[in-house]
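Engineer:
Protein chains: 2
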Amino acid sequence: MEDEVDRLVAAWRRERPDLDVEPLEVLSRVGRLSRHLDIARRSAFAEHALEPWEFDVLTALRRAGAPYQLSPGQLLTQTLVTSGTMTNRIDRLAGKGLVQRLPDPDDRRGVLVRLTRAGQERADAALSGLLDHERAILAELSPAQRGDLAALLRQLVAPFDNLAD
Amino acid sequence: MEDEVDRLVAAWRRERPDLDVEPLEVLSRVGRLSRHLDIARRSAFAEHALEPWEFDVLTALRRAGAPYQLSPGQLLTQTLVTSGTMTNRIDRLAGKGLVQRLPDPDDRRGVLVRLTRAGQERADAALSGLLDHERAILAELSPAQRGDLAALLRQLVAPFDNLAD
DNA sequence: TGAAAGTGTCTCGACATCAAGATACTTGGA
DNA sequence: TCCAAGTATCTTGATGTCGAGACACTTTCA
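These protein sequences, in sequence, are chains A and B. The first sequence lines up with residues 1 to 165 when you count with full-length UniProt numbering. The second sequence lines up with residues 1 to 165 when you count with full-length UniProt numbering.
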């Protein structure tokens, strides 16, 4: 089946036949799919009264394992946002009682962000919902295709992730 | 090579062994790769003094072919933003002399947005630069792998793109 | 030990986005 | 012809993000 990127690439070949636009076949699709997924995630989380950014922070803490705490700096590298943004997020999550800020006993500049019981429950519920939703989207592909796709994407992402971030 | 998503999936399997987190292998990678690409695009466009959103609008017009004009509504469907956002973007691009607004001769509610000569030159230059940059990123994959990846992504995106947007 | 460089977090102002609603025009049918 | 519904764009107010810089503390090394 055709998609918007097929139309986009065809248009470029017509308008700029001098250029090699093959990279768009992959990277424009990544961008557009991500945009669609953001929109879909937003509605999936609405059932749990969570914004996508709240989910991102809560689940990063949940994944860390007991006692479910990380520094703001560790949260930055996982969520790819800036420090000002993270401060703001932590403030709001703390205001809703989903996380709490604790002083870092080993470094007096530092802070630890810890998931509360309520935060953990919300994160767990929202994750199940998200996975159900995503499974439906991926039903377009066979299990083997999903494996191939994951492996190809890993090859592209790995250089970014393993750079000195 | 390992990436952040491998670590993320391993963490979930440890913390929530009851869940099937396989969907994350694909969709989390799409999200993270898109985020990295946004950051890389931003620096690629800086050479041409363009923001990513400016590039998106200008190239949509450029792709339309002579006389390089589209309605705001057509621009909406291509860029996946809301109408308020598009009004704002057109205002700013018009202020910089890269596009101009013309009344639609066939529908007095409507407006046509037309690329200026300066806008066309900026769009063309930025596109070449972007493609060079993206080719470097995709050099991780063989030509055959790039083709496979494009095809798999198309299968996932097509249902979204062909839905009644 | 002391100073310089490094690190971790937060503050602040600018700005792009969204959602909802307002406005103006067009279309289809009674 | 006229009205109701539909469509295209813009306006407004709230909000989240970024970037740069401030501040406090830690580390390194002479």
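Quick reminder that beta carbons are idealized off the backbone N, C-alpha and C, glycines included.
1. Under 8 Å between the Cβ atoms of ARG108(A) and VAL57(A)?
2. When you compare each of GLY65(A), GLN145(A), LEU37(A) to residue 216(A) by their alpha carbons, which one comes out closest?
3. Give me the residue from LEU153(A), PRO159(A), LEU115(A), GLU15(A) with the minimum Cα distance to ARG29(B).
4. In the DSSP assignment, find the unbroken alpha helix (DSSP H) run with ARG42(B) in it and report its ends.
5. Quick check: GLU54(A) and LEU93(A), are their CB atoms within less than 8 Å of each other?
6. ALA164(A) to GLY110(B), Cα distance in whole Å?
7. Step through the CB atoms of chain A and report whether any lies within less than 8 Å of the CB of GLY73(B).
8. Are the segment 4 to 11 of chain B and the segment 111 to 122 of chain A touching by the rule of at least three beta carbon pairs closer than 8 Å?
9. Using CA coordinates, which residue listed in LEU112(B), THR82(B), LYS96(B), GLY65(B) is at the minimum distance from ALA10(A)?
10. Does the beta carbon of GLY31(A) sit closer than 8 Å to a beta carbon anywhere in chain B?
11. Is there a Cβ of chain B sitting closer than 8 Å to that of ALA164(A), yes or no?
12. Can you tell me which of LEU98(B), PHE160(B), GLN69(B) puts its alpha carbon nearest to the alpha carbon of ASP104(B)?
13. Less than 8 Å between the C-beta atoms of residue 169(A) and LEU131(B), yes or no?
14. What are the residues in the segment 7 to 21 of chain A lying within 8 Å of chain B by C-beta distance?
15. Assuming VAL26(B) contacts ALA150(A) under a Cβ cut-off of 8 Å, what Cβ separation, rounded to an integer in Å, is found between them?
16. Measuring alpha carbon to alpha carbon, tell me which of ALA46(B), ARG32(B), GLU15(B) ends up nearest ASN162(A).
Structural biologist: With the structure as the only source:
1. no
2. Any answer about residue 216(A) is impossible in this case: the structure gives chain A only from 1 up to 165.
3. LEU153(A)
4. 22 to 46
5. yes
6. For ALA164(A), the predicted structure reports a pLDDT of 47, less than 50, and the residue's modelled location is therefore unreliable. A value from the coordinates is still provided. Approximately 49 Å between the Cα atoms of the pair.
7. no
8. no
9. GLY65(B)
10. True, the Cβ-Cβ gap to chain B drops below 8 Å.
11. The predicted model places ALA164(A) with a pLDDT of 47, which falls under 50 and marks its position as unreliable, so this point remains unresolved.
12. Among LEU98(B), PHE160(B), GLN69(B), the Cα nearest to that of ASP104(B) is on GLN69(B).
13. No statement about residue 169(A) is possible, as the shown extent of chain A runs from 1 to 165 and does not include it.
14. LEU8, ALA11, TRP12, ARG14, GLU15, ARG16, LEU19, ASP20, VAL21
15. 5 Å
16. ARG32(B)
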